[in-house]
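Structure record follows, encoded as structure tokens.
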Amino acid sequence: MAFFGKNVVAFLLMTTLFGVSIGAVYKVGDSAGWTAMGSVDYKKWASTKNFHVGDEIVFIYNNQFHNVKEVTHQDFQSCNATSPMATYTTGSDSITLKNHGHHYFLCGIPGHCEARQKIDIMVTPVSQRPSASPNYPSLPSASSTLTAPSPALNRASSLQFNNLLWALVPLALLAVGF
Ligand SMILES: [Cu+2]
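Counting in my numbering, the final residue of the sequence shown is number 182, and the numbers go up one at a time with none missing.
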């Protein structure tokens, strides 16, 4: 019974996560992909997009010549690839934007970042209410929240729900016993 309960929670967690993930998918550099050939101005490319939490960015490149490293703002500025927060090397790297704020990526191959193979992805918060203080509704227990039927939610509330959900993931994982 305990196992059954845990599985149900895990199942609900997964379906809820995927059920409300309705973010956009952006191919970095569009048809040019992730390159150091100078054909893409990634700063300009990013400035034409409006990234939100839950959106996905995809880096497409030949992994013999390039890679993707997520770095701090300082390392982004100085093209320092030696202490990345994350490294991607498949050549088809799909990254879901989980937090708002800046996400800095560069190619770690020597010289490429300097050749402007770097990108600053600015993720805007899903719900921006100028006057709202952080007034998250008091959360019920993780399990009762997760049983809320996601199909019934409209788009707006499911987006907010998605935000809340990320805050709940640690709770849920705790409940599942990971
Ligand atoms: Cu490169």
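Every residue gets a Cβ at the ideal spot worked out from N, C-alpha and C, and that includes glycine.
Assigned with DSSP and collapsed to three states, S98 falls in strand. Residue list for ligand 1: A40, H70, C111, I113, H116 and Q121 (CB closer than 5 Å to any heavy atom, chain order).
Under the Cβ criterion (8 Å, minimum of three pairs), the stretch 24-42 counts as touching the stretch 56-70.
The criterion of a C-beta distance shorter than 9 Å is not satisfied by K47 and I113. With a minimum length of 3 residues, the unbroken runs of beta strand (DSSP E) contained wholly in the stretch 29-98 fall at 29-31, 60-64, 72-75 and 90-92. I113: not part of any beta strand (DSSP E); DSSP gives it neither H nor E.
The alpha-carbon of W49 is positioned some 13 Å away from that of V62. Counting C-beta atoms within 10 angstroms of its own C-beta, V29 has fewer than 16 neighbours from the protein chains shown and is therefore classed as exposed. H56 and T100 have their alpha carbons spaced roughly 10 Å apart.
Annotation for I123: the continuous beta strand (DSSP E) segment containing it runs K122 to T128. About 6 Å separates the beta carbons of A119 and G42, which is inside the 8 Å limit, making them a contact pair. By DSSP's assignment, G105 forms a beta bridge with V127.
Non-local beta-carbon contacts of G115 in its own chain, meaning distances under 8 Å to residues more than five positions away in sequence, involve A40 in chain order. From the listed residues Q81, F109, I64 and I26, the smallest Cα separation to G95 is found for I64.
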